[in-house]
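In the UniProt record's numbering, the protein residues as written are 1 to 682. Here's the structure we're looking at; comments come further down.
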């Protein structure tokens, strides 16, 4: 039975085979026969190169036998070295990488199977296989043991036969586009990337997958994708090209990313085309300040330096991680859609350098039916073509589409790079209509709009809402970008006057001390028979405890002004229980809330429903200014509070509130604690 009888082809598959020949492979065969311990792109190369339709079963047997004979595992390393020592020569299959030592005037190869990074390699082999210097190549290597030539480096790479394609004919790839319709080409690209086109029939789901590929085909693209687990966030890039390096959680360092100052060796940003930070929530950064600062500079300029060493690179950055969802949208518990990131990355200056935020919650989970089975480009060929297409640019075409006014340079750069990448994927020959161009520009704008929306939540004083879209587009249609009406928390403080139960407000910060979101502090104060004192229970830190004690002393000193009977003051123990707090937070700014709660409990007066408080309280009762009020007021509104009491010194904050908050919540500036108590008590 021939290959195509056992693996039936669709009409499109037959068209692809006829037009592209050895450049394509039957993906189902590649999956069924994936060769153990070889990357998928290597397996596909071997199938496309050596498996013929009429003799495919016998050909696969031969390939497996060769792999079994020549691909050593770690357990056999010493046996391989012993063979090399005894016979003076050994043939093996490995991922070989070469480097040039200018000071020593030598070329060295790294052969992992031998555990040897100083294998001599000739100029001729490197010239024939330039990929050895570009991150390495899989292939069959013949190693000779010649200690008489160099006792310190006795091994020599005598010959090398690559299992990966050389520089592809990109012009032929571009020309092939004209043989297919837009839908056919999109399906072919998906198949080539490992996805079953039939599993993603609608245009939007396909565009989301294409967006994942943009950093490989366009220089210096930085994107983020957060979504549910098992949606293949890094599956595509990880399997497409050896030029992609994936960091899966753990700790990374400036030496690993940029330059090792001890060895002067360039890190992965200088040797790969895409660096993927997978499981980003579990990623930590050694020398955090230096790493993040250097990353920010690189994301802006494409340059990085350590010490006196400076370099340029065109590698893209991808930050991928998980986010909880509610249906097909992010869970409403998030104040912004960057919360799952490490705190050091929740920084407006860092995030403004992100070009696109892919809504991973819209991508379905990967199932067996999602994986390509038809005909697609051989992965190694396809991945290398995409890298070579980085030489093209369609930025000028993108600039022909007028955008709404008020966009920043970073907005424009993001739209140009992402759209240019999408054009290379879908229209590599540059032949697309104006409506097709508008579609891609609009989609790229949406991905940048999502970034901007998070910036507005992170730093509302700096970033104001604006529409990032073509001038003829009035709004984006993505579900998560629509105004979302979330029912406020159903707690009695919104609807009932309560004694001693009060809402304070706090602002949380990231590792750099920057404000990132507002949170509620739910405080329950009780007055119990006992000695006149104050106790603090529940979750709390030193700043909160000190703030409670300072406020209690203020109330004792001014009890008559606050309407507290002297007898209750002398016979009651005040218990302050912190039901919910945010960490890290600023303790003194909760002072006004503590004062309201303590007075309410001692005076036995209820607090009006729907109130929240933020302000410092001095020993003489004045309410002092606090920070982070936009974040705090936003948190209060989200929880259903209708009134926020703030220091009079912060009254101008009303002008900085987002438009959607104005009219939904009333702001009450006060100068003294007595004024606040009169306002908030029943």
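Glycine included, C-beta positions come from ideal geometry on N, C-alpha and C. These numbers were taken from a predicted model, which means no experiment stands behind them.
With a cut-off of 8 Å on the beta carbons, I'd call residue i and residue j a contact; round off their distance for me.
{"i": "residue 249", "j": "residue 288", "result": "Residue 249 to residue 288, Cβ: 16 Å. No contact."}
{"i": "residue 665", "j": "residue 641", "result": "7 Å"}
{"i": "residue 371", "j": "residue 31", "result": "7 Å"}
{"i": "residue 304", "j": "residue 313", "result": "7 Å"}
{"i": "residue 211", "j": "residue 447", "result": "6 Å"}
{"i": "residue 163", "j": "residue 237", "result": "That belief does not hold up - the Cβ atoms of residue 163 and residue 237 are roughly 20 Å apart, past 8 Å."}
{"i": "residue 7", "j": "residue 26", "result": "5 Å"}
{"i": "residue 425", "j": "residue 213", "result": "6 Å"}
{"i": "residue 216", "j": "residue 387", "result": "6 Å"}
Leaving out five residues before and five after residue i in sequence, what residues of the same chain have Cβ atoms less than 6 Å from its Cβ?
{"i": "residue 406", "result": "466"}
{"i": "residue 582", "result": "The predicted model places residue 582 with a pLDDT of 48, which falls under 50 and marks its position as unreliable; any figure quoted below should be read in that light. For residue 582, where only same-chain residues beyond five positions count, the Cβ hits under 6 Å are 506, 508 and 519."}
{"i": "residue 586", "result": "With a pLDDT of only 49 at residue 586, under the threshold of 50, the placement of this residue in the model should not be trusted; the figure read from the coordinates follows. Excluding sequence neighbours, residue 586 sits near nothing in its chain."}
{"i": "residue 477", "result": "none"}
{"i": "residue 102", "result": "none"}
{"i": "residue 649", "result": "625"}
{"i": "residue 584", "result": "Confidence at residue 584 is low in this model, with a pLDDT of 44, below 50, so its placement is unreliable and the value that follows should be read with caution. 509."}
{"i": "residue 394", "result": "420 and 423"}
Can you list, in chain order, the residues of its chain with a C-beta nearer than 8 Å to that of residue i? Leave out the 5 residues immediately preceding and following it.
{"i": "residue 348", "result": "455, 458, 459, 462, 463 and 514"}
{"i": "residue 535", "result": "573, 574, 575 and 576"}
{"i": "residue 413", "result": "355"}
Among the candidates the options, whose CA atom is the shortest distance from the CA of residue i?
{"i": "residue 33", "options": "11, 14 and 62", "result": "62"}
{"i": "residue 323", "options": "390, 245, 232 and 227", "result": "227"}
{"i": "residue 399", "options": "408, 40 and 415", "result": "415"}
{"i": "residue 676", "options": "562, 571, 576 and 229", "result": "562"}
{"i": "residue 707", "options": "355, 395 and 565", "result": "With the chain running from 1 to 682 in the structure shown, residue 707 is simply not present."}
{"i": "residue 78", "options": "105, 115 and 374", "result": "115"}
{"i": "residue 423", "options": "440, 411 and 412", "result": "440"}
{"i": "residue 651", "options": "157, 670 and 71", "result": "670"}
{"i": "residue 329", "options": "429, 481 and 219", "result": "481"}
{"i": "residue 383", "options": "13, 194 and 551", "result": "194"}
{"i": "residue 603", "options": "20, 498 and 544", "result": "498"}
{"i": "residue 107", "options": "120, 297 and 569", "result": "120"}
{"i": "residue 253", "options": "26, 267, 162 and 246", "result": "267"}
{"i": "residue 430", "options": "396, 452 and 366", "result": "396"}
{"i": "residue 307", "options": "65, 255, 601 and 127", "result": "255"}
{"i": "residue 178", "options": "37, 428 and 450", "result": "428"}
{"i": "residue 97", "options": "131, 149 and 452", "result": "131"}
Would you kindly check if the distance between the Cβ of residue j and the Cβ of residue i is under 9 Å?
{"i": "residue 501", "j": "residue 597", "result": "yes"}
{"i": "residue 364", "j": "residue 200", "result": "yes"}
{"i": "residue 623", "j": "residue 615", "result": "yes"}
{"i": "residue 594", "j": "residue 653", "result": "no"}
{"i": "residue 309", "j": "residue 261", "result": "yes"}
{"i": "residue 92", "j": "residue 141", "result": "yes"}
{"i": "residue 592", "j": "residue 673", "result": "yes"}
{"i": "residue 184", "j": "residue 15", "result": "yes"}
{"i": "residue 647", "j": "residue 626", "result": "yes"}
{"i": "residue 133", "j": "residue 111", "result": "no"}
{"i": "residue 503", "j": "residue 377", "result": "no"}
{"i": "residue 380", "j": "residue 41", "result": "yes"}
{"i": "residue 51", "j": "residue 74", "result": "no"}
{"i": "residue 144", "j": "residue 124", "result": "no"}
{"i": "residue 564", "j": "residue 551", "result": "no"}
{"i": "residue 137", "j": "residue 242", "result": "yes"}
{"i": "residue 285", "j": "residue 342", "result": "yes"}
{"i": "residue 357", "j": "residue 223", "result": "yes"}
Ordered along the chain, which non-local residues of its own chain (more than five positions away) have a Cβ less than 7 Å from that of residue i?
{"i": "residue 300", "result": "353"}
{"i": "residue 618", "result": "624"}
{"i": "residue 471", "result": "402, 403 and 404"}
{"i": "residue 528", "result": "572, 573 and 575"}
{"i": "residue 10", "result": "374"}
{"i": "residue 197", "result": "187, 190 and 191"}
{"i": "residue 679", "result": "645, 668 and 670"}
{"i": "residue 233", "result": "225, 227, 320 and 360"}
{"i": "residue 83", "result": "90"}
{"i": "residue 60", "result": "33 and 51"}
Shorter than 9 Å from the beta carbon of residue i to some beta carbon of chain B?
{"i": "residue 607", "result": "Included in the structure is just one protein chain, with no chain B present."}
Beta strand (DSSP E) runs contained entirely in the region 230-264, provided each spans 3 or more residues: 244-252
Could you pull out every unbroken alpha helix (DSSP H) segment of at least 4 residues lying fully inside the region 73-156, listed in chain order? 77-87 and 123-128
May I have a chain-ordered list of the alpha helix (DSSP H) segments no shorter than 4 residues that lie completely inside the region 598-670? 629-638
To test your reading of the DSSP string, which unbroken alpha helix (DSSP H) runs of 4 or more residues are found completely within the region 378-439? 379-388, 395-399 and 409-426
Give, in chain order, every unbroken run of the beta strand (DSSP E) that is at least 3 residues long and sits entirely within the region 494-557. 501-509, 515-529 and 533-538
Unbroken stretches of the alpha helix (DSSP H), 4 residues or longer, contained in the region 267-310: 268-271 and 288-301
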